[in-house]
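> Here the numbering used here is used: the first residue of the sequence shown is 193, the next is one more, and so on. Beta carbons: idealized from backbone N, C-alpha and C, even for Gly.
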Amino acid sequence: LLVALLRALLLRARDRAPSLPLARGRNVPLTLWLLSLSPRAVSRVAGPRVARSLMSDAQRKAVWAIYVWCRRTDDIVDSPVAMLQGTARLTQEIEEWEGRLERIWEGIPTDTLDLALADTVVQYPDLPIAPFKDMVLGMLMDTPGHPLAKDRYETWDDLYEYCYRVAGTVGLMTLPIMGTAPGFTQDD
């Protein structure tokens with residue numbers, strides 16, 4: 193019921209929303225009411241109230257868009273539905289998801305939630321696609337039966353690679369939005 197209600201609201205808002213100019217001269221309807229939910233959504237997932245209070249509205253919206261993308265990415269392999277699918281189907285879904293990610297960077301989002309990330313890419317042009325792609329590789333490492341998947345990590349380097357892909361990438365995704373301390377660069 194909630195999903196049906198959200199879809200109905202999205203369709204109604206889509207027709208009234210202004211356009212967002214994206215790459216290659218494309219205009220995509222911007223569902224402003226969805227993006228306005230971001231501070232509330234971020235407040236549930238982005239840590240203590242003090243940390244949120246240090247973020248501007250634009251930063252909260254961008255972090256929310258990244259969180260939504262990460263959550264959806266993880267759900268491909270960790271949801272109850274995923275557990276019922278075979279390795280081939282999960283691998284296909286992850287590969288399709290990576291193609292969808294590339295389209296977001298090209299300014300061609302597939303749905304309204306992708307649009308939030310596409311808007312973030314426009315607002316933060318230094319946001320690299322690499323950590324997002326690395327997270328997708330991390331999801332393959334979580335896919336039972338996939339060649340990258342492991343039940344055990346033989347070395348600390350193997351474990352480090354997995355941790356980087358499924359968690360460390362989030363820090364790299366948010367770094368261009370949050371910025372660095374004075375005197376430091378993103379490369380530091």
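With a CB to CB cut of under 8 angstroms and the five nearest residues on each side skipped, what residues in its chain are close to residue 329?
Only 340, 357 meet the Cβ criterion.
> Would you kindly report the start and end of the unbroken alpha helix (DSSP H) that includes residue 273?
Here the alpha helix (DSSP H) through residue 273 covers 272-276.
> Within the same chain, show all residues whose beta-carbon is closer than 7 angstroms to that of residue 369, passing over the 5 residues directly before and after it, in chain order.
Cβ neighbours of residue 369 beyond the five flanking positions: 251, 254, 255, 316.
> Enumerate, from N- to C-terminal direction, the unbroken alpha helix (DSSP H) stretches of 4 or more residues contained entirely within the stretch 256-325.
DSSP runs (the alpha helix (DSSP H)) wholly in the stretch 256-325: 272-276, 279-297, 304-315.
> Alpha carbon to alpha carbon, how far is residue 364 from residue 354? Give it in angstroms, no decimals.
Taking the straight line from one Cα to the other gives about 15 angstroms.
> Which same chain residues end up closer than 6 angstroms to residue 234 when comparing Cβ atoms and leaving out the 5 residues on each side of it in sequence?
Here residue 234 scores only 44 on pLDDT, less than 50, and its place in the model is too uncertain to base an answer on.
> Given the structure, does residue 246 come close to the ligand MN, in the sense that its CB is under 8 angstroms from one of the ligand's heavy atoms?
Ligands displayed in this structure: none; no statement on the ligand MN is therefore possible.
> Where do the N-terminal and C-terminal ends of the alpha helix (DSSP H) with residue 349 fall, by residue?
Where residue 349 is concerned, the enclosing alpha helix (DSSP H) stretches over 348-355.
> For the alpha helix (DSSP H) holding residue 363, just list the boundary residues, first then last.
Taken as a continuous stretch (DSSP letters only), the alpha helix (DSSP H) holding residue 363 covers 361-370.
> For the candidate residues 293, 280, 249, whose alpha-carbon lies nearest to that of residue 264?
The shortest Cα separation from residue 264 among 293, 280, 249 belongs to 293.
> Out of curiosity, what's the CA-to-CA distance linking residue 372 and residue 366?
Distance between the alpha carbons of residue 372 and residue 366 is about 11 angstroms.
> Rounded to whole angstroms, how far is the Cβ of residue 333 from the Cβ of residue 342, which I believe are closer than 8 angstroms?
Indeed, because the Cβ distance is near 7 angstroms, the residues count as touching under 8 angstroms.
> Can you have a look at residue 337 and say buried or exposed, based on whether 16 or more other CB atoms are within 10 angstroms of its CB?
When all chains shown are included, residue 337 counts as exposed.
> Quick one: Cα of residue 335 to Cα of residue 308, how far?
Approximately 27 angstroms, taken between the alpha carbons.
> Flag this pair as yes or no: are the beta carbons of residue 295 and residue 311 separated by less than 9 angstroms?
No, Cβ-Cβ distance for residue 295 and residue 311 is not below 9 angstroms.
> Among 267, 277, 297, which residue has its Cα nearest to the Cα of residue 323?
It is 297 whose Cα lies nearest to the Cα of residue 323.
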